[in-house]
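Engineer:
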Amino acid sequence: MQYLQQILFVALAAVSVWLFARKAGQIRRNILLGKEEALNDQPALRWRNLLLLALGQKKMFSNPLVAIMHFVIYAGFIIINMEVLEIVLDGILGKHRLFAEPLGLLYNWLINAFEFLAVGVILVCIVFLSRRNIIKLKRFISKDLNGWPRSDANYILITEIVLMSLFLTMNATDLVLQERGDSHYPATGSFYFSGLLSPMFSGFADSTLVAIERTCWWLHIAGIFAFLNYLPYSKHLHIMLAFPNAYYTRLESPGKMKNMPSVQNEVLYAMQPELAPTDAAPPARFGAKDVFDLSWKNLLDAYSCTECGRCSAACPANSTGKLLSPRKIMMATRDRLEEVGRNIDTNKSFQDDGKSLLHDYISVEELRACTTCSACVEECPVSISPLDIITELRRSLIMEESNAPQEWNGMFSNTENNFAPWKFSPEERDQWAIQ
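Here our numbering is used: the first residue of the sequence shown is 35, the next is one more, and so on.
#1: Would the stretch 364-379 and the stretch 194-201 be scored as touching if the rule is three or more Cβ pairs under 8 Å?
#2: Going by DSSP, what residues sit across from S176 in a beta bridge?
#3: What do you reckon, are the CB atoms on S346 and R173 nearer than 8 Å?
#4: Report, in whole angstroms, the separation of the C-beta atoms of R370 and L391, which I expect to be a contact under 8 Å.
#5: Compute the Euclidean distance between the alpha carbons of L421 and C410, then round it to the nearest angstrom.
#6: When the Cα atoms are used, what is the spatial distance from K356 to I107?
#7: Measure from the C-beta of T249 to each C-beta in chain D and report whether the shortest distance is under 8 Å.
#8: Taking only three categories from DSSP, how would you classify K323?
#9: Counting along the chain, where does the alpha helix (DSSP H) carrying D208 start and finish?
#10: Tell me which same chain residues have a C-beta within less than 7 Å of the C-beta of V398, skipping the five on either side of it?
#11: Please determine if the stretch 250-260 and the stretch 118-126 are in contact, where contact requires at least 3 C-beta pairs separated by less than 8 Å.
#12: Report yes if the C-beta distance between L227 and E341 is below 8 Å; otherwise report no.
#13: Any idea which residues DSSP pairs S329 with across the strands?
#14: For I396, which residues does DSSP report across the bridge?
#15: Taking all protein chains shown into account, decide if A403 is buried (16 or more other Cβ within 10 angstroms of its Cβ) or exposed.
#16: Three-state secondary structure (DSSP) at N279?
#17: Name the two residues that bound the continuous alpha helix (DSSP H) containing G229.
#18: Buried or exposed for Q212, going by 16 or more other Cβ atoms inside 10 Å?
#19: DSSP three-state label for I136, please.
#20: Can you give me the C-alpha to C-alpha distance between F225 and L151, rounded to a whole angstrom?
#21: What did DSSP end up calling Y37 once you bin it into helix, strand or coil?
#22: Nearest to A315 by alpha carbon, out of V325, N299, M305, D327?
#23: If you drop the 5 nearest sequence neighbours on each side, which residues of the same chain put their C-beta closer than 7 Å to that of M433?
#24: Alpha carbons only, please: which of A134, A318, N279 is nearest the one belonging to S296?
#25: Measure the alpha-carbon distance for K92 versus Y141 and round it to whole angstroms.
#26: Let me know if E70 comes out buried or exposed under the rule of 16 or more other beta-carbons within 10 Å of its beta-carbon.
#27: May I have the straight-line CA-CA distance separating A101 from A187, to the nearest angstrom?
#28: Specify, as a first and last residue, the run of the alpha helix (DSSP H) that L362 falls within.
#29: What's the C-alpha gap between L79 and P288?
#30: Does the stretch 270-281 touch the stretch 231-242, meaning 3 or more C-beta pairs lie closer than 8 Å?
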């Protein structure tokens, strides 16, 4: 019977890891559909960003109370799951609490620390569920989250509560069996919180306790494996992608726009024709119409989005009732990228589906509402830049489709002819001072 459980556990673990690795490979492929962009300079500063923004969650502390609660969940997820190592080894080797004897008193201290974090995670998850479903903070009831995104957040919080409850119940029944001297449950000392729960199980027979403990153990590890494979389909993928996203964040000022090399070359060759190569191919596209035209960093941003809504809450266009929502820009980019990925999976290579990120997923009205103030970039806790995607799509609108309001076209003409947005000759710039 014991060998059968070990075989079942190894099979469950292997299938879970394989499914996760396959989906992770698809996500990596999708991100690399973007254009190349060099973001490897200043490694020391990049590591600093990773430690402060991803690990230390620096931007979250603009609201200290929420930041501390989020950090409890984050720490609980990382630290408590260190215990998964022992559970995995127990499952493979057919042991129980493999590390208890080698670690001695340290083991008891660690389990108590895990239990304190588990209780903290349960309490914070309840608070976060209340914020979303009872208090209903404005950024959590936005239409951006209608449907699956709103349910996704609730599923994750409820799953965390269930996993932590299974962990505490497993320890409580284990503690009773230890006190009764069961040979399979070695004495490990007292556990504080599960010790408070253990009297609830003191009246059960040994066989019932073993059944409860084993059921909680299996459900706990199966839940973790299920959670692992749920992550790539959830906004909580940011748990993993926040780290590379923070490392590869652009180091220049958030408001600085990149010049387009193709446009710079056109201007240079017009002024110095002798520099123009005779075999130069015309630029493939100005700006971006679909995910293929964005950089790989833009696509990594889309997968790293936490859907927290801080960007939209800080956006002045969104605050004044305009259609633009930076959060929706990132969600739409990820949705389109996932659709392209499914197209490639089905056809082995991308087959034109008649859709594009521009128009089909993000509207002209949304793009025109952006004031390029960079508030969304400043607010994002994991250094995502919706602004970069907006400007690239807007460039395609104007330079590829000539799609701009009449007022903008006048400004473009004035800038081209007079080197300023106003309809005055450059020679008359100082007339206001004379008059």
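The C-beta atom is built at its ideal place from N, Cα and C for all residues, glycine as well. It should be emphasised that the depicted structure is a prediction, and the values quoted were computed from it without experimental measurement.
Structural biologist: Result, derived from the coordinates:
#1: Taking a cut-off of 8 Å for Cβ pairs, the stretch 364-379 and the stretch 194-201 do not touch, as fewer than three such pairs fall below it.
#2: Looking up residue 176 in the sequence shown gives position 142. BP columns for S176 are empty, so no partner.
#3: Translated into the one-based positions of the sequence shown, residue 346 becomes position 312. Translated into the one-based positions of the sequence shown, residue 173 becomes position 139. Cβ atoms of S346 and R173: closer than 8 Å.
#4: Mapped onto the sequence shown, residue 370 falls at position 336. Mapped onto the sequence shown, residue 391 falls at position 357. Taking 8 Å as the upper bound for CB-CB distance, R370 and L391 are in contact here, some 5 Å apart.
#5: Taking the sequence shown and counting its residues from 1, one reaches residue 421 at position 387. Taking the sequence shown and counting its residues from 1, one reaches residue 410 at position 376. Going by the C-alpha atoms only, they are around 7 Å apart.
#6: Counting from one through the sequence shown, the residue named residue 356 turns up at place 322. Counting from one through the sequence shown, the residue named residue 107 turns up at place 73. Their Cα atoms are separated by approximately 34 Å.
#7: In the displayed structure, chain D is absent; only one protein chain is listed.
#8: Start at 1 with the first residue of the sequence shown, and residue 323 comes out as number 289. Three-state result, K323: coil.
#9: For the purposes of this step, residue 208 is identified with residue 174 of the sequence shown, where counting begins at 1. Taken as a continuous stretch (DSSP letters only), the alpha helix (DSSP H) holding D208 covers 182-213.
#10: Here residue 398 corresponds to residue number 364 of the sequence shown, with the count starting at 1. These residues qualify, in order along the chain: L431, N437.
#11: Touching, per the Cβ criterion.
#12: If you number the sequence shown from 1, residue 227 lands on position 193. If you number the sequence shown from 1, residue 341 lands on position 307. It should be noted that the sequence gives Phe, not Leu, for residue 227. For F227 and E341, no; Cβs fall outside 8 Å.
#13: Here residue 329 refers to the residue found at position 295 when the sequence shown is read from its first residue. Note: S329 sits in a beta bridge opposite K69.
#14: Taking the first residue of the sequence shown as position 1, residue 396 is located at position 362. Paired residues: L392.
#15: Your numbering for residue 403 matches position 369 in the sequence shown. The C-beta of A403 has 16 or more other C-beta atoms within 10 Å across all chains shown, which makes the residue buried.
#16: Against the sequence shown, residue 279 aligns to sequence position 245. Assignment of N279 by DSSP, reduced to helix, strand and coil, places it in the helix class.
#17: Residue mapping note: residue 229 aligns to position 195 of the sequence shown, counting from 1. From DSSP, the alpha helix (DSSP H) with G229 extends over 226-231.
#18: For this step, residue 212 is matched to residue 178 along the sequence shown. Taking all protein chains shown into account, Q212 has 16 or more neighbouring C-beta atoms within 10 Å of its C-beta and is therefore buried.
#19: Counting from one through the sequence shown, the residue named residue 136 turns up at place 102. The amino acid at residue 136 is misidentified as Ile; the sequence shows Pro. In this structure, P136 counts as helix in the three-state DSSP scheme.
#20: Working through the sequence shown from its first residue, we reach residue 225 at position 191. Working through the sequence shown from its first residue, we reach residue 151 at position 117. Taking the straight line joining both Cα atoms gives about 13 Å.
#21: Residue numbering aside, residue 37 sits at position 3 when the sequence shown is read from its first letter. In the structure shown, Y37 sits in a helix (DSSP, three-state: H, G or I).
#22: As a position in the sequence shown, residue 315 is number 281, starting the count at 1. When only C-alpha atoms are compared, the closest one is N299.
#23: By one-based count along the sequence shown, residue 433 stands at place 399. F320, G321.
#24: Numbered from its first residue, the sequence shown carries residue 296 at position 262. Nearest of A134, A318, N279 to S296, Cα basis: A318.
#25: For this step, residue 92 is matched to residue 58 along the sequence shown. For this step, residue 141 is matched to residue 107 along the sequence shown. Computed Cα separation, rounded: 31 Å.
#26: Start at 1 with the first residue of the sequence shown, and residue 70 comes out as number 36. Here E70 is exposed: its Cβ has fewer than 16 other Cβ atoms, across all protein chains shown, within 10 Å.
#27: Taking the first residue of the sequence shown as 1, we reach residue 101 at position 67. Taking the first residue of the sequence shown as 1, we reach residue 187 at position 153. Their Cα atoms are separated by approximately 17 Å.
#28: Taking the sequence shown and counting its residues from 1, the one referred to as residue 362 is at position 328. Looking at the sequence itself, residue 362 is Lys, so the reference to Leu does not match. From DSSP, the alpha helix (DSSP H) with K362 extends over 360-381.
#29: For the purposes of this step, residue 79 is taken as the residue at position 45 of the sequence shown. For the purposes of this step, residue 288 is taken as the residue at position 254 of the sequence shown. The alpha-carbon atoms of L79 and P288 are separated by roughly 16 Å.
#30: The answer is no - the stretch 270-281 does not touch the stretch 231-242, with fewer than three Cβ pairs under 8 Å.
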